[in-house]
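Be aware that the sequence shown starts at 24, since it is given in our numbering, and climbs by one per residue.
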Amino acid sequence: MATKQTNGKESAKEETMALPAGFRRRSSVTDAPWVAQEKGNVCRGHLLNRYPMNGMEPARYYYQIELTAPCKVRVGRGDDAEIQQAEAGEVVNLNENHKTSCLRDVEIPEVIAGAAYDVIVQFGDKMKIGGGKTMWKIDVSTKQLKAPTSQVRPLVDVGASASGEGEEAPF
24 MATKQTNGKE SAKEETMALP AGFRRRSSVT DAPWVAQEKG NVCRGHLLNR
74 YPMNGMEPAR YYYQIELTAP CKVRVGRGDD AEIQQAEAGE VVNLNENHKT
124 SCLRDVEIPE VIAGAAYDVI VQFGDKMKIG GGKTMWKIDV STKQLKAPTS
174 QVRPLVDVGA SASGEGEEAP F
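Next up, the structure:
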């Protein structure tokens with residue numbers, strides 16, 4: 024077990040097994056740094072997929088993006104996290120929230136079906152939303168690079184419900 028000194032505090036850092044070329048970690052904590060939410064930061068790259076965060080109730084999700092341009096990222100957890108520069112080619116995590124969740128509706132089902140998308144996520148000012156709370160202004164844009172190569176099929180039966188009306192697919 025290695026230790027790391029940050030902000031005058033020493034914390035344990037879990038060691039991970041070295042992976043063969045071409046493998047990518049999939050756990051939300053060990054696989055990649057997180058896009059830093061700070062004014063002016065831009066995350067640009069290829070949308071890879073959407074993943075559940077392990078052990079979160081209610082369920083929460085994140086996206087993985089392979090960068091095509093440098094981006095500021097958070098490396099580490101909590102108070103021990105440091106802001107660093109990730110370079111093109113690196114994979115980063117992006118939290119799903121009310122602004123980024125638009126990616127799950129069209130882009131993710133199409134990515135699963137073989138489509139390719141470039142995304143740009145831009146962070147603006149932090150806005151006051153009342154009750155002493157704030158939220159980041161986040162602008163999400165996408166560009167389809169490749170159309171789906173197979174038909175998107177829902178994960179559940181979307182036939183008639185007990186009321187006789189059809190149900191929406193879960194994505």
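Built from N, CA and C at the ideal position, the CB exists for glycine as well.
- Just measuring C-alpha positions, the residue of L70, G63, V96 sitting nearest L168 is L70.
- In chain order, A136 place their CB closer than 8 Å to the CB of Q174, counting only its own chain and leaving out the 5 sequence neighbours on each side.
- When C-alpha distances from V142 are compared across T91, P43, N77, the shortest belongs to T91.
- Boundaries of the alpha helix (DSSP H) around V134: 130-135.
- Put simply, the segment 121-141 does not touch the segment 105-112. Fewer than three CB pairs are less than 8 Å apart.
- Taking 4 residues as the minimum length, the alpha helix (DSSP H) runs contained wholly in the segment 100-152 are 125-128, 130-135, in order along the chain.
- Rounded to the nearest angstrom, the gap between the Cα atoms of M158 and R97 is 18 Å.
- The beta carbon of A139 sits closer than 6 Å to the beta carbons of L168, K169 from its chain, once the five residues preceding and following it are set aside; these are given in chain order.
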